[in-house]
């Protein structure tokens with residue numbers, strides 16, 4: 146029973162990610178990593194002895210420890226990528242704020258010049 150539950154848990158993210166990508170709510174680049182995670186869960190649910198073989202190959206005595214290690218690495222990678230994205234977005238916000246300030250200054254200068262020109266033409270008449 147638990148085997149089918151884990152197969153179901155592995156398949157659900159695949160469908161959710163594909164649905165989000167089709168609606169342009171999730172980028173293709175970011176979806177690949179999540180889909181790989183879902184595929185790994187699905188494969189491990191089909192072949193549960195695979196985790197035993199992998200842990201023996203890596204010299205890990207307790208196979209569930211390998212699952213915790215892989216999950217921790219997966220989460221750390223996701224956090225790293227999100228932190229990278231946040232840093233890039235902060236830089237873009239800073240750059241856009243600077244551009245906005247420059248454009249406001251140009252608008253104010255043009256408005257002042259226009260008002261000055263309008264006053265001079267009225268005074269000359």
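In the numbering used here, the protein residues as written are 146 to 270. Ideal Cβ positions, reconstructed from N, Cα and C, are used throughout, including at glycine.
In the three-state reduction of the DSSP assignment, residue 162 falls in the helix class. The alpha-carbon of residue 255 is positioned some 14 Å away from that of residue 264.
In the three-state reduction of the DSSP assignment, residue 172 falls in the coil class, being assigned neither a helical nor a strand state. Around the C-beta of residue 187, 16 or more other C-beta atoms lie within 10 Å, and the residue is accordingly described as buried.
In this structure residue 190 is buried. Its beta-carbon is surrounded by 16 or more other beta-carbon atoms within 10 angstroms. Annotated three-state conformation of residue 219 is helix, per DSSP. Residue 162 counts as buried, since no fewer than 16 other beta carbons sit within 10 angstroms of its beta carbon.
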